[in-house]
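Worksheet: one structure, shown below.
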Amino acid sequence: MRWRTVWRVVLAVATVAAVVVLGRRLEAADLGDRLRSAQGWWVTAAVLASTLPVLGNVTSLVALTPGRLPVVRTAAVQLATSFVNLVTPASAGGVALNMRYLHRRGVPVAAAVTTVGVVQSSAGLVTLVLVAVLLLTSGQVREIGGLVPWQVPVAVVAVFAVVAVVVRSWGGARAWLRRRVLAPLRASWPPLRATLSSPGRLTAAVLGHLVTTLGFTLTLWCAVHAFGGSAPLGLLVLVVVGSSAVAGAVPVPGGIGAAEAALVAGLVTVGVDPTTALSAALLHRLVTFWARVPLGWVLLLLLRRSGDV
């Protein structure tokens, strides 16, 4: 069998699985009945706000990539990641798709990997700064302890400590790190350094990351109001960031179940009624992920046919 035939079979199986999973999730959650009780204006606002993360992702990727990327095709790739992430855990498929897209656009493999890594790490840094600023200005810093368990930072520090010990004490690990990580980084650094030294590109990247995080937060805020609830915007940013971290840490394709459960738990923690929290979490996931899966599948096929991925 040719690789293209295998690829089509994989896409067909993944599509069927996506439809089955989506149908069962919606049936189990009675989403239809819940949406009928929602306020139409707020649902429309949630749908409009859900387009902001796509715009933010496109802006940051275009800004931090050496050379130029077509905006429309880059947006199509970002939408296609919804389908790819459905069949891969921790959004690994979306990261790989972006790397392949950059390579197809003429960016060397090492530079593509480094660029996507810079985009991901800078997004995390900007998000942390945004969360800190919102919490400080809202006077709700004490709420952090109730939303972020102490085990999370301890686990992160422990992982970094174990990796550092292994790299320092094992010669093979150091050799692998020099050959597989440091050497490609040195080769891809000059063009990336030229990109990072541009104030305009850096500003656009930061704005893109802010738009992405605020877009998800505004979508959740509108979803909560659609069912008659309310919550501070600063704490909703922390709920969105925390649920994304939980969904990424759990090795489940698409974060199915984990993302919804984390959103519900976060909303209840900030004072939203449990019934309202469940409805808002399901609406948020519907407009930011599930509704994009069929469109992402079509766009992925078109991008494959045009040779962009």
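Each residue of the sequence shown is one higher than the one before, counting from 133 in my numbering. Every residue, glycine too, gets a C-beta built ideally from N, C-alpha and C. Small disclaimer: the values here were computed from a predicted structure and weren't measured.
* To do: Ignore the nearest five residues each way along the sequence and tell me which others in Ser-223's own chain have a CB closer than 7 Å to its CB.
  => Contacts found: Asn-217, Gly-380.
* Could you spell out the range, first to last residue, of the alpha helix (DSSP H) harbouring Val-396? => Annotation for Val-396: the continuous alpha helix (DSSP H) segment containing it runs 390-401.
* Considering only C-alpha positions, which residue in the set Gln-252, Leu-368, Leu-414 is nearest to Gly-403? -> For the residues Gln-252, Leu-368, Leu-414, the minimum Cα distance to Gly-403 belongs to Leu-368.
* DSSP state of Pro-331 mapped onto helix, strand, coil -> The answer is helix: DSSP assigns Pro-331 an H, G or I state.
* Run through DSSP, which three-state label would Pro-198 get? -> The answer is coil: DSSP assigns Pro-198 none of H, G, I, E or B.
* To do: Would you decide whether Thr-176 is buried or exposed? Buried here means 16 or more other CB atoms lie within 10 Å of its CB.
  => Around the beta-carbon of Thr-176, fewer than 16 other beta-carbon atoms lie within 10 Å, marking it exposed.
* Going by C-alpha distance, which of Gln-171, Asp-440, Ser-182 is nearest Leu-467? -> Nothing can be reported for residue 467, as the shown portion of the chain is limited to 133 through 441.
* **N-terminal and C-terminal residue of the alpha helix (DSSP H) that Thr-206 is part of** => Secondary structure note for Thr-206: its alpha helix (DSSP H) is the uninterrupted segment 203-218.
* **Beta-carbon contacts of Val-289 that lie in its chain and below 8 Å, excluding the five residues immediately before and after** => Excluding sequence positions up to five before and after Val-289, its CB lies less than 8 Å from no other CB in the same chain.
* Asked: Where does Trp-173 land, buried or exposed, given buried means 16+ other C-beta within 10 angstroms?
  -> Answer is exposed; the Cβ neighbour count stays below 16.
* Who are the Cβ neighbours of Phe-215 in its own chain at under 6 Å, not counting the five residues just before and after it? -> Close CB contacts of Phe-215 within its chain, under the 6 Å cut and outside five residues either way in sequence, are with Val-425, Gly-428, Trp-429, Leu-432 (chain order).
* Asked: Between the segment 394-409 and the segment 354-373, do at least 3 Cβ pairs fall closer than 8 Å?
  -> Enough Cβ pairs lie closer than 8 Å, so yes.
* Just the Cα atoms here: how many angstroms apart are Arg-200 and Val-194? -> CA-to-CA, the gap between Arg-200 and Val-194 works out to about 7 Å.
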